[in-house]
Amino acid sequence: MTPSDGQVPENQAAAPKATAPKATEATAPTATTSTSAPISHRYVEPSTTEPFARAWTNFIGGNLGDHGLRGTQRYWTPWRLIVLVGSFLLSLGFLSKAHCVPGAINEEGTPYLSWPGHRQNVWGCYNDIIPLFGGRGLDQPGFPYAYSWTEGDITRYMEYPVLAGLFQGLVSSISRATFGLVPQFSAFAIPPASWYFIITCVILGFMWLATLNLVARLMGPRIWDTMIVAGSPMLIVHAFTNWDIPSILLATLAMYCVARNRPGLAGLFIGLGTAFKLWPLFLLGAYLVLTWRTRRWPEFLRMLGVTVISWVVVNAPIYYLYPEAWHEFFRLNRTRGPEWTTIWAVASRLIGSSTEPHFFEPKLINTLSFLLFALSCAAIFFFGIRLNRTPRAAELMVLIIAAFLIFNKVWSPQYSLWLLIPAAFALPRWRLLFAWGVTEILVWRILFWFFLGADNKGAPGALLNLIVLIRDAFIIAIVVLVIRQMLAKTTDKVRVTSSTDPHYDRLAGCFHTPTSAPKTLSAEVIPAEAALPPTTPVQVAGTDFASPENRARGGRHSSGT
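What follows is the structure, encoded as structure tokens:
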């Protein structure tokens with residue numbers, strides 16, 4: 001796709017030297033560059049750039065016609081449609097776990113948690129939130145990291161990073177305080193653990209909508225690409241599997257702050273995100289590459305310093321008061337074997353046991369996975385600093401996070417959510433990313449079918465290996481396409497439809513080159529008309545009204561949002 005394909009949003013004010021050709025009779029009714037034009041005029045229409053979106057557009061009536069009116073919808077704005085789709089996927093995510101919510105009633109009339117007949121495996125409704133309510137002492141008053149229990153000859157503690165454990169403790173306090181309301185509003189046996197799950201889902205749902213708001217703002221004229229995130233199929237199985245959404249929100253806040261030239265505040269959110277889950281720390285690697293190229297060392301060091309300080313402030317009290325509990329996260333990750341859907345587990349099932357992923361010793365996998373990830377990061381760094389064209393921050397994030405997922409010995413299925421937003425920014429190919437989301441659903445369902453075991457007609461290990469490798473193949477395909485895009489072997493549609501600057505990067509912010517960094521995050525700053533060749537007719541919102549192709553495929557009287 002090139003600028004002449006018509007995929008450039010209309011600008012609020014054209015560049016002084018970029019004057020559009022005189023409007024023809026075909027373009028006069030709708031072609032305008034007035035500063036009072038509705039904001040939706042400046043959005044890239046997904047039906048003009050994405051085959052997947054075009055198919056849906058044809059289903060509901062076709063592309064916008066020559067006389068279609070843009071920006072006339074007062075209610076169904078792009079953001080509200082994104083909220084609608086996001087809320088619908090969150091609802092499906094809750095329903096996918098709903099079979100694990102009802103419990104049973106004991107002789108005293110008290111509801112308790114009960115998953116008879118391998119319910120969590122048969123329905124695939126398993127989530128960590130419900131069983132860990134009682135398993136980590138959240139069902140009783142007390143501090144989360146003060147609770148311990150014995151497992152064999154080992155004393156166990158809360159194994160989550162500090163901010164994640166504190167979040168669980170806060171939500172459990174809310175659920176215990178409000179559990180008395182449950183009998184008044186429910187005809188089902190809702191045990192305390194399930195009520196805790198419901199409260200958690202509500203909070204995580206609002207956090208996810210806040211994340212979508214940030215993503216939509218960062219997308220700029222490509223706001224419709226937010227649908228890749230809002231409508232991803234993987235949300236159906238992973239939105240409420242664990243506590244990953246808060247870390248995604250914090251990481252997205254960090255990206256937003258960098259885009260707004262606030263590296264110190266970005267460091268705060270990276271530090272808090274790392275205190276919740278480890279992965280937001282990887283954002284620093286992407287910005288390090290950009291810093292090396294642009295020499296914005298004061299900004300990077302400020303962000304790095306605030307990251308360290310904020311992480312220490314959160315962790316220091318727990319480290320001082322509950323040192324054994326603080327070390328539990330690191331001890332468990334050091335001693336545990338590979339997770340069931342990693343390449344290490346696949347290799348274990350192929351080489352050793354068909355049912356157990358523990359053929360390799362933890363120390364060996366720790367060493368191999370660390371070396372492979374470290375080498376990958378080094379390769380990404382040198383690749384990024386030697387490119388002819390400055391890479392975009394999202395492209396670097398995709399490479400780093402994908403390397404971690406592929407080579408790490410723990411890839412809990414919901415970890416794939418970490419890659420979703422960077423992938424949507426770096427490679428907005430709807431069909432590819434939605435197909436990847438479908439494979440995540442299949443991995444989840446087949447994994448729990450496998451957990452039923454051979455005696456209960458569970459899935460064979462070979463089937464689990466196959467779907468895991470297919471999922472990994474999609475991740476590798478995304479990585480390969482991103483690398484080709486960075487090498488300019490394929491068109492970077494984000495840059496083509498967002499700016500005339502070949503180095504433009506909306507997420508780079510203060511780490512951009514001084515001459516081309518945008519002053520604001522609004523779509524209006526982009527001189528779209530300057531990107532048009534002198535012979536190209538006036539184009540509005542990605543549509544060439546004078547082209548015969550548009551007349552052939554779009555009804556003259558159709559309209560759209």
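Counted the way my numbering counts, the sequence shown spans residues 1 to 561. C-beta atoms are modelled at their ideal positions from N, C-alpha and C, and glycine is treated no differently.
First and last residue of the uninterrupted alpha helix (DSSP H) at residue i
{"i": "residue 440", "result": "430-451"}
{"i": "residue 217", "result": "192-219"}
{"i": "residue 131", "result": "129-135"}
{"i": "residue 335", "result": "323-335"}
{"i": "residue 178", "result": "162-178"}
{"i": "residue 273", "result": "263-276"}
{"i": "residue 86", "result": "78-97"}
{"i": "residue 395", "result": "393-407"}
{"i": "residue 256", "result": "245-259"}
{"i": "residue 44", "result": "Looking at the DSSP string, residue 44 is not in any alpha helix (DSSP H), and its letter there is neither H nor E."}
{"i": "residue 363", "result": "362-386"}
{"i": "residue 121", "result": "119-122"}
{"i": "residue 461", "result": "461-486"}
{"i": "residue 283", "result": "283-294"}
{"i": "residue 506", "result": "Here residue 506 belongs to no alpha helix (DSSP H), and DSSP marks it neither H nor E."}
{"i": "residue 237", "result": "234-238"}
Length of the line joining the Cα atoms of residue i and residue j
{"i": "residue 77", "j": "residue 428", "result": "21 Å"}
{"i": "residue 251", "j": "residue 109", "result": "44 Å"}
{"i": "residue 329", "j": "residue 496", "result": "44 Å"}
{"i": "residue 474", "j": "residue 431", "result": "12 Å"}
{"i": "residue 131", "j": "residue 434", "result": "30 Å"}
{"i": "residue 258", "j": "residue 276", "result": "20 Å"}
{"i": "residue 274", "j": "residue 247", "result": "8 Å"}
{"i": "residue 51", "j": "residue 437", "result": "17 Å"}
{"i": "residue 200", "j": "residue 191", "result": "14 Å"}
{"i": "residue 387", "j": "residue 486", "result": "8 Å"}
{"i": "residue 106", "j": "residue 95", "result": "26 Å"}
{"i": "residue 327", "j": "residue 319", "result": "8 Å"}
{"i": "residue 198", "j": "residue 88", "result": "16 Å"}
{"i": "residue 103", "j": "residue 138", "result": "18 Å"}
{"i": "residue 119", "j": "residue 455", "result": "16 Å"}
{"i": "residue 418", "j": "residue 123", "result": "25 Å"}
{"i": "residue 335", "j": "residue 466", "result": "27 Å"}
{"i": "residue 154", "j": "residue 145", "result": "16 Å"}
{"i": "residue 45", "j": "residue 378", "result": "38 Å"}
{"i": "residue 390", "j": "residue 423", "result": "18 Å"}
{"i": "residue 406", "j": "residue 299", "result": "31 Å"}
{"i": "residue 229", "j": "residue 394", "result": "14 Å"}
{"i": "residue 189", "j": "residue 133", "result": "17 Å"}
{"i": "residue 564", "j": "residue 396", "result": "With the chain running from 1 to 561 in the structure shown, residue 564 is simply not present."}
{"i": "residue 172", "j": "residue 367", "result": "37 Å"}
{"i": "residue 415", "j": "residue 339", "result": "12 Å"}
{"i": "residue 507", "j": "residue 255", "result": "6 Å"}
{"i": "residue 346", "j": "residue 369", "result": "14 Å"}
{"i": "residue 79", "j": "residue 221", "result": "12 Å"}
{"i": "residue 90", "j": "residue 348", "result": "35 Å"}
{"i": "residue 316", "j": "residue 140", "result": "25 Å"}
{"i": "residue 376", "j": "residue 111", "result": "50 Å"}
{"i": "residue 167", "j": "residue 490", "result": "43 Å"}
{"i": "residue 478", "j": "residue 488", "result": "15 Å"}
{"i": "residue 297", "j": "residue 313", "result": "24 Å"}
{"i": "residue 193", "j": "residue 249", "result": "25 Å"}
Residue-level contact to chain C via CB, residue i, 9 Å cutoff
{"i": "residue 49", "result": "The structure shown contains no chain C; it holds only a single protein chain."}
For residue i, the first and last residue of its enclosing beta strand (DSSP E)
{"i": "residue 149", "result": "148-151"}
{"i": "residue 157", "result": "154-157"}
Contacting residues, own chain, Cβ-Cβ under 6 Å from residue i (five flanking each side not counted)
{"i": "residue 149", "result": "156"}
{"i": "residue 535", "result": "Annotation note: pLDDT 34 at residue 535 (below 50); position unreliable, coordinate value reported separately. Contacts found: none."}
{"i": "residue 450", "result": "458, 459, 464"}
{"i": "residue 425", "result": "394"}
{"i": "residue 219", "result": "225, 226"}
{"i": "residue 136", "result": "158"}
{"i": "residue 392", "result": "505"}
{"i": "residue 263", "result": "299, 302, 303, 510"}
Contacting residues, own chain, Cβ-Cβ under 7 Å from residue i (five flanking each side not counted)
{"i": "residue 341", "result": "411, 413, 443, 447, 468"}
{"i": "residue 261", "result": "509, 510"}
{"i": "residue 115", "result": "100"}
{"i": "residue 373", "result": "403, 404, 407, 408"}
{"i": "residue 86", "result": "208, 209, 212, 230"}
Contact set for residue i: own chain, Cβ-Cβ below 8 Å, skip 5 residues either direction
{"i": "residue 98", "result": "125"}
{"i": "residue 401", "result": "279, 282, 418, 419, 422"}
{"i": "residue 601", "result": "This structure leaves residue 601 out entirely; the chain is present only between 1 and 561."}
- Message: For the structure I just gave you, are there three or more beta carbon pairs, one from the stretch 273-284 and one from the stretch 124-138, closer than 8 Å?
- Response: The stretch 273-284 makes no contact with the stretch 124-138: fewer than 3 CB pairs, one atom from each, lie closer than 8 Å.
- Report yes or no: do the stretch 462-482 and the stretch 152-168 share at least 3 C-beta pairs separated by less than 8 Å? At 8 Å Cβ cutoff, the stretches do not touch.
- Message: For the pair the stretch 231-242 and the stretch 287-298, tell me if three or more CB-CB distances fall below 8 Å.
- Response: Put simply, the stretch 231-242 does not touch the stretch 287-298. Fewer than three CB pairs are less than 8 Å apart.
- Item | Inter-stretch contact (C-beta, 8 Å, three-pair minimum) for the stretch 163-177 and the stretch 213-226 | Output reads no: the stretch 213-226 does not touch the stretch 163-177.
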